[in-house]
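Participant: What follows is a structure written as structure tokens; I'll ask about it next.
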Amino acid sequence: MKPRVLKSMIEVMLLAALALPLQLAAQHTRYKLIDVGTLGGPNSSANGPTVPDLSNRGTYEGAAETSIPDPYAPYCQNPDCLVQHAQKWRNGVVTDLGALPGVNNSGGTWISASGRFISGASENGRIDPLLGVPELRAVLWKHDQIIDLGTLEGGHESFAAAVNDRGQVAGWFANSVSDPFSLGCLFVCFTTQTRGFLWQDGVMRDLGTLGGPDALSEAMNERGQIIGTSYTSYAPNQDTGIPTIDPFLWENGTMVDIGSLGGTIGIANFINSRGQVVGTSNLAGDTTSHGFLWDRSTLTDLGTLGGINSAAFWISDSGLVAGRADFSSQSTNHHAVLWNNGVMTDLGAVDPWPCSTAQSVNSNGQVVGDTGICGQGGGPAFLSEDGGPMVDVNTLVLPGSDIEVVDAYQINERGEIAGNGILPNGDEHAVVLVPACAAEIAAANALPAVKAAPPAPHRVSAPPLDPVFGGRTRTLNLFRRLRPSP
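Heads up: the sequence shown runs through residues 734 to 1219, numbered per the working numbering.
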């Protein structure tokens, strides 16, 4: 389960859903909640944000706990110390995608647009001789069969970050060259260089760097364009203590430096089918950071709502950008924002929560994200449509579920949402929200009122990491990517 503070108000959410005003129902999409369930253990989880967990045809990927004790305890991939496997859901059918041979953990990281391929990582049953922990290998699931993508240059670890419908996989691997500034420490503290790779048809290719020792691949589009982060030199900066980090775009054998907004650390978060890239970059002095849009060699500072910092996490194929921005120079609070053709819209917050973060947007302008207390979380997931004010997703879910939706990581082109929910006993399950038709809405509204469920226990949140990485935090679960904190 992810560390996070949750409001204990499930009963309020259920009652609100049952008494949803007709005006609100007419203005916003209503949803059927699908509990993806687990693989025998208590918990499952979508692995966003800044990754597609749902294909545009409605196939979901993530990770779920089994009932098998983790043989590598106390080095476990989740607090329950249970083996977890990559999980797929489609049309009501849940599939255990398994792991590499042996009793090993695995997890999905990305699903291609059609759902044909899923990338991820799996333990391989061996111990990394440099780190003394289970080795992690990049894997690809094709027709639900796992493929070990291996590694390069004598390294022991690799990680598949993204896959497209061509079967191209982008990720990173650790080589055998000692490196005191290893970018792999964003995941576990590697002592060697990390490099991005492209895998295709059984061949893994080192993407190189922007001049420094390390690079990490973060995302890829259907054209095979890869974005990520790379050191630009070997020399550490006086203020940060590490070499300059710039985002990059790699295409057809060439790595292009996207540049910075004046600071020495920047990161690319997402790329759309048109090759437009969004991310976050420090400004001069490395004390503040802004979201950026990179389009055909032009880097644009997306600005703020009047405060100090902002961040951009997702861009739709139509060019809509989702993120967050500080709204006052006297406050560190931020609101979810939508950028459209240079115009920033403040999507607000969900009362009484002071902060919000937009994590995904589709081409129709539907935005989903998280709310809560800045740096701690705690609020419900939200939906905003057509740039309008956000609404607690739980008020849009049809009656009949006792799950509170707390994470909305992605909304696909069909308006389906992938995220996480909390059961009354505190267990976490991945959920898929599917737009309901008129008949389903009418049938749900005809159900008798049910007794409100007891409140779920609170989860405790870890403080966010260095804000230069967009405030993104990381759990001990290696199969979850860096995530924006609400």
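Glycine included, every Cβ here is placed at the ideal spot set by N, Cα and C.
Please state whether the Cβ-Cβ distance between Thr977 and Thr997 is less than 8 angstroms.
Facilitator: Within the sequence shown, residue 977 is the residue found at index 244, counting from 1. Within the sequence shown, residue 997 is the residue found at index 264, counting from 1. Their beta carbons are under 8 angstroms apart, which means Thr977 touches Thr997 by this criterion.
Participant: Using 8 angstroms as the threshold, is the C-beta distance between Gly781 and Gln1109 below it?
Facilitator: Stepping through the sequence shown from its first residue, residue 781 is reached at position 48. Stepping through the sequence shown from its first residue, residue 1109 is reached at position 376. Contact: no.
Participant: Would you mind listing the beta strand (DSSP E) stretches within the region 757 to 837 that are 3+ residues and don't spill past its ends, in chain order?
Facilitator: 764 to 768, 773 to 778, 793 to 802, 815 to 823 and 826 to 831, all fully within the region 757 to 837.
Participant: May I have the straight-line CA-CA distance separating Asp1222 from Asp1079, to the nearest angstrom?
Facilitator: No answer is possible for residue 1222: it lies beyond the span of the chain, which begins at 734 and ends at 1219.
Participant: Between the C-alpha atoms of Trp874 and Asp972, what's the straight-line distance to the nearest angstrom?
Facilitator: Position 141 of the sequence shown, counted from the start, is the residue given in the question as residue 874. Position 239 of the sequence shown, counted from the start, is the residue given in the question as residue 972. In a straight line, the C-alpha of Trp874 is about 43 angstroms away from that of Asp972.
Participant: Quick one, are the C-beta atoms of Ile767 and Val1100 less than 8 angstroms apart?
Facilitator: Counting from one through the sequence shown, the residue named residue 767 turns up at place 34. Counting from one through the sequence shown, the residue named residue 1100 turns up at place 367. No. Outside cutoff.
Participant: Quick test of your reading: Ala1058 and Gly1081, contact by CB under 8 angstroms. State the CB separation rounded to the nearest angstrom.
Facilitator: Stepping through the sequence shown from its first residue, residue 1058 is reached at position 325. Stepping through the sequence shown from its first residue, residue 1081 is reached at position 348. Wrong, their Cβ atoms sit about 12 angstroms apart, outside the cutoff.
Participant: Taking buried to mean at least 16 other C-beta atoms within 10 Å of its own C-beta, is Leu1180 buried or exposed?
Facilitator: Indexing the sequence shown from 1 puts residue 1180 at position 447. Exposed.
Participant: May I ask you to report which of helix, strand or coil DSSP gives Gly917?
Facilitator: Counting from 1 along the sequence shown, the entry for residue 917 is found at position 184. Reduced to three states, the DSSP call for Gly917 is helix.
Participant: What number of angstroms, rounded off, separates the C-alpha of Asn908 from the C-alpha of Asp1019?
Facilitator: For the purposes of this step, residue 908 is taken as the residue at position 175 of the sequence shown. For the purposes of this step, residue 1019 is taken as the residue at position 286 of the sequence shown. About 30 angstroms.
Participant: Take the Cβ of Asp1135 as the centre, count every other Cβ of all protein chains shown within 10 Å, and call the residue buried at 16 or more, exposed below.
Facilitator: To locate residue 1135, count along the sequence shown from 1; it is residue 402. By the neighbour-count rule (16 or more Cβ atoms within 10 Å), Asp1135 is buried.
Participant: State the CB to CB distance for the pair Leu949 and Thr927, rounded to an integer number of angstroms; the pair is presumed to be in contact (CB under 8 angstroms).
Facilitator: Walking along the sequence shown from the start, residue 949 turns up at place 216. Walking along the sequence shown from the start, residue 927 turns up at place 194. Their Cβ separation, rounded to whole angstroms, is 6 angstroms, which keeps Leu949 and Thr927 in contact under 8 angstroms.
Participant: Which class does Thr1128 belong to by DSSP, given the choice of helix, strand or coil?
Facilitator: For the purposes of this step, residue 1128 is taken as the residue at position 395 of the sequence shown. Three-state DSSP puts Thr1128 in a helix.
Participant: By the DSSP assignment, the beta strand (DSSP E) with Ala895 in it spans what residues?
Facilitator: One-based indexing of the sequence shown puts residue 895 at position 162. Unbroken beta strand (DSSP E) run through Ala895: Glu890 to Val896.
Participant: Out of curiosity, what's the CA-to-CA distance linking Val1003 and Gly1133?
Facilitator: For this step, residue 1003 is matched to residue 270 along the sequence shown. For this step, residue 1133 is matched to residue 400 along the sequence shown. Note that residue 1003 is Phe in the sequence shown here, rather than Val. Phe1003 and Gly1133: Cα-Cα distance of roughly 35 angstroms.
Participant: Pull up the DSSP beta-bridge partners for Asn1088, would you.
Facilitator: Your numbering for residue 1088 matches position 355 in the sequence shown. In the sequence under discussion, the amino acid at residue 1088 is Cys, which differs from the Asn named in the question. DSSP lists Gly1105 as partners of Cys1088.
Participant: Mapping DSSP to helix, strand and coil, what is Asn985?
Facilitator: Looking up residue 985 in the sequence shown gives position 252. Coil at Asn985, not helix or strand.
Participant: Can you tell me whether Asn1178 is helix, strand or coil according to DSSP?
Facilitator: What you label residue 1178 is simply residue 445 of the sequence shown in a count that begins at 1. DSSP places Asn1178 in helix when its eight states are reduced to three.
Participant: When you compare only the Cα positions, how much space is there between Ser963 and Phe981?
Facilitator: As a first step, residue 963 must be located in the sequence shown, where it is residue number 230. As a first step, residue 981 must be located in the sequence shown, where it is residue number 248. Straight-line Cα distance between these residues: approximately 7 angstroms.
Participant: What are the start and end residues of the beta strand (DSSP E) that includes Tyr1142?
Facilitator: Locating residue 1142 in the sequence shown gives position 409, where the first residue counts as 1. Tyr1142 -> beta strand (DSSP E) spans Glu1137 to Ile1144.
Participant: Assuming Val1011 and Ile1048 form a contact by the criterion Cβ under 8 angstroms, report the distance between their Cβ atoms to the nearest whole angstrom.
Facilitator: On the sequence shown, residue 1011 is found 278 positions in, with the first residue counted as 1. On the sequence shown, residue 1048 is found 315 positions in, with the first residue counted as 1. Rounded, the Cβ-Cβ distance is 5 angstroms, consistent with contact.
Participant: For Arg1147 and Thr792, I'd like the C-alpha separation in whole angstroms.
Facilitator: On the sequence shown, residue 1147 is found 414 positions in, with the first residue counted as 1. On the sequence shown, residue 792 is found 59 positions in, with the first residue counted as 1. Cα-Cα distance, rounded: 12 angstroms.
Participant: Does Ala1082 come out as helix, strand or coil in the three-state DSSP assignment?
Facilitator: On the sequence shown, residue 1082 is found 349 positions in, with the first residue counted as 1. Three-state result, Ala1082: coil.
Participant: Using alpha carbons as the reference points, say which of Leu787, Val1126, Glu794 and Ala903 lies closest to Val827.
Facilitator: As a position in the sequence shown, residue 827 is number 94, starting the count at 1. With distances taken between Cα atoms, Val827 lies closest to Glu794.
Participant: Assuming contact is defined by CB atoms lying nearer than 8 angstroms, are Pro1113 and Val1139 in contact in what I supplied?
Facilitator: Locating residue 1113 in the sequence shown gives position 380, counting from the first residue. Locating residue 1139 in the sequence shown gives position 406, counting from the first residue. Yes, they are a contact pair.
Participant: Taking the C-alpha atoms as reference points, what is the distance between Val816 and Leu833?
Facilitator: On the sequence shown, residue 816 is found 83 positions in, with the first residue counted as 1. On the sequence shown, residue 833 is found 100 positions in, with the first residue counted as 1. Distance between the alpha carbons of Val816 and Leu833 is about 12 angstroms.
Participant: Looking at the unbroken beta strand (DSSP E) that takes in Asn970, where does it start and where does it end?
Facilitator: Start at 1 with the first residue of the sequence shown, and residue 970 comes out as number 237. Neither: Asn970 is in no beta strand (DSSP E) and is coded neither H nor E.
Participant: Comparing alpha-carbon positions, which option in Gly1102, Met953 and Leu1026 lies nearest Asn1074?
Facilitator: Against the sequence shown, residue 1074 aligns to sequence position 341. The option with the nearest alpha carbon to Asn1074 is Leu1026.
Participant: In its own chain, which residues sit with a C-beta less than 7 angstroms from the C-beta of Asp1160, not counting the 5 before and 5 after it?
Facilitator: Taking the sequence shown and counting its residues from 1, one reaches residue 1160 at position 427. Once the five neighbours on either side are set aside, the close Cβ partners of Asp1160 are Pro775 and Asn776.
Participant: Is the separation between the beta-carbon of Asp786 and that of Ala1069 shorter than 8 angstroms?
Facilitator: Working through the sequence shown from its first residue, we reach residue 786 at position 53. Working through the sequence shown from its first residue, we reach residue 1069 at position 336. No, the pair does not count as a contact, with Cβ atoms beyond the cut-off.
Participant: On the DSSP bridge assignment, give the partners of His1162 in chain order.
Facilitator: For the purposes of this step, residue 1162 is taken as the residue at position 429 of the sequence shown. Gly1154.
Participant: Measure the beta-carbon distance from Arg938 to Ser1006 and round it to whole angstroms, keeping in mind my assumption that it falls under 8 angstroms.
Facilitator: What you label residue 938 is simply residue 205 of the sequence shown in a count that begins at 1. What you label residue 1006 is simply residue 273 of the sequence shown in a count that begins at 1. Going by Cβ atoms, the distance from Arg938 to Ser1006 rounds to 22 angstroms, so no, they are not a contact pair.
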